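> This is the structure I have questions about; it appears just below.
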Amino acid sequence: MFIGVKELERHPLRFHEEFAPGTIDFRAGEFRQAAPLTVELAAELEGAEIHVVGRLAGRLELACARCLEPVERDIASRFDLHYRPVSAIARDEEVGLKPDDLEVGFYVGEGLFLADVVAEQVYLALPMKVVCREECRGFCPGCGMNLNREACRCGPRAVDPRLAPLAEWVAKKKSSR
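Just so we're on the same page, the numbering used here is the position in the sequence shown counted from 1, plus 175.
Right, dumping it as structure tokens:
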């Protein structure tokens with residue numbers, strides 16, 4: 176779906192869309208859409224700037240940050256975006272950015288695609304790290320065994336030679352008790 180400047184000149188637009196899994200190309204492959212993504216938004220033209228306000232909600236499948244098992248999480252986000260035409264950028268001179276400029280996106284041509292706006296907002300709504308459960312033990316750093324499934328088969332780990340003096344001190348401390 177396209178949010179066009181020509182149509183916005185006539186009247187503001189409202190969208191209520193459900194994007195089925197696989198409809199939007201998220202490119203990076205870090206996650207998979209597990210359920211329909213619901214998007215409601217309103218777009219209007221303010222001078223040459225497209226102002227988009229909306230919200231989205233959906234369910235994604237991500238990899239646990241500790242054990243890489245798939246985990247489903249709900250996401251929800253509200254957004255208030257401003258897009259200016261690329262032609263508004265002065266190309267020949269250096270321009271200092273003001274704090275408000277960091278909140279502005281740019282569009283090329285006659286508007287922008289709704290799917291691009293939604294994909295960007297989904298990425299921004301992703302949690303930094305997801306764990307399958309709080310007590311997830313992750314992988315053994317020695318052999319790579321998933322410690323949630325079975326015990327590690329590694330022998331006792333050798334002490335890093337740089338920490339040997341500390342290990343000796345701890346051993347002396349224990350023996351003196």
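Ideal Cβ placement from N, Cα and C applies to all residues, glycine included. Nothing here was measured: the structure is a model prediction, and the numbers come from that model.
If contact is defined by three or more beta carbon pairs under 8 Å, each pair taking one atom from either stretch, is the segment 299-309 in contact with the segment 227-246?
Judged by Cβ distances under 8 Å, the segment 227-246 makes contact with the segment 299-309, as three or more pairs qualify.
> In the DSSP assignment, find the alpha helix (DSSP H) that holds D291 and state where it starts and stops.
Along the sequence shown, read from residue 1 onward, the residue named residue 291 stands at position 116. Where D291 is concerned, the enclosing alpha helix (DSSP H) stretches over L289 to A300.
> State the DSSP-derived secondary structure class of D249, mapped to helix, strand or coil.
Translated into the one-based positions of the sequence shown, residue 249 becomes position 74. Note: D249 maps to strand in three-state DSSP.
> Taking a contact to mean a Cβ-Cβ separation below 8 Å, would you say N323 touches R337 in this structure?
Here residue 323 refers to the residue found at position 148 when the sequence shown is read from its first residue. Here residue 337 refers to the residue found at position 162 when the sequence shown is read from its first residue. Cβ distance not < 8 Å, so N323 and R337 don't count as in contact.
> Excluding the five sequence neighbours on either side, which residues of its own chain have a C-beta within less than 7 Å of the C-beta of L220, listed in chain order?
By 1-based counting over the sequence shown, the position of residue 220 is 45. Around L220: V180, L183 and E184.
> Exposed or buried, which one is V246 when buried takes at least 16 other CB atoms within 10 Å?
Position 71 of the sequence shown, counting from 1, holds the residue named residue 246. V246 should be labelled buried.
> Does the structure place the segment 196-206 close enough to the segment 285-294 that three or more beta carbon pairs sit under 8 Å?
Enough Cβ pairs lie closer than 8 Å, so yes.
> According to DSSP, is L322 helix, strand or coil?
On the sequence shown, position 147 is the one that residue 322 refers to. Coil, per DSSP.
> Just list the beta strand (DSSP E) runs in the segment 198-234, keeping only unbroken ones of 3 residues or longer that don't cross its boundaries, in chain order.
Counting only runs of 3 or more, we get 206-208 and 212-221.
> Indicate the three-state DSSP secondary structure (helix, strand or coil) for A195 in the structure shown.
Walking along the sequence shown from the start, residue 195 turns up at place 20. If DSSP states are grouped into helix, strand and coil, A195 belongs with coil.
> Look at the alpha carbon of R230 and the alpha carbon of D249, and state the distance between them as a whole number of angstroms.
Mapped onto the sequence shown, residue 230 falls at position 55. Mapped onto the sequence shown, residue 249 falls at position 74. Their Cα atoms are separated by approximately 14 Å.
> Leaving out the 5 sequence neighbours to the left and right, which residues in its chain are closer than 6 Å to A223 when beta-carbon positions are compared?
On the sequence shown, position 48 is the one that residue 223 refers to. Taken in chain order, the residues that qualify are P260.
> I think A217 touches V228, with their Cβ atoms under 8 Å apart; what is that distance to the nearest whole Å?
The residue given as residue 217 occupies position 42 in the sequence shown. The residue given as residue 228 occupies position 53 in the sequence shown. With a Cβ gap of about 5 Å, A217 and V228 count as contacting.
> What does the Cβ neighbour count give for L277, buried or exposed, with the cut at 16 atoms within 10 Å?
The count along the sequence shown starts at 1 and reaches residue 277 at position 102. By the 10 Å Cβ count, L277 comes out exposed.
> Per DSSP, I264 forms a beta bridge with which residues?
Residue mapping note: residue 264 aligns to position 89 of the sequence shown, counting from 1. The partner list for I264 (beta bridge, DSSP) is empty, contrary to what the question assumes.
> Mapping the DSSP letters down to three states, classify V345 as helix, strand or coil.
Counted from its first residue, the sequence shown places residue 345 at position 170. If DSSP states are grouped into helix, strand and coil, V345 belongs with the helices.
> Here's the rule I'm using: 16 or more other beta-carbon atoms within 10 Å means buried, otherwise exposed. How should I264 be labelled?
Taking the sequence shown and counting its residues from 1, one reaches residue 264 at position 89. Under this definition I264 is an exposed residue.
> Going by DSSP, name the residue or residues bridged to G169.
With the chain covering only 176 through 352, there is no way to say anything about residue 169.
> Can you name, in chain order, every residue of its own chain whose Cβ lies under 7 Å from the Cβ of A342, other than the five neighbours on each side?
Reading the sequence shown from its first residue, position 167 is the one you call residue 342. Once the five neighbours on either side are set aside, the close Cβ partners of A342 are V334.
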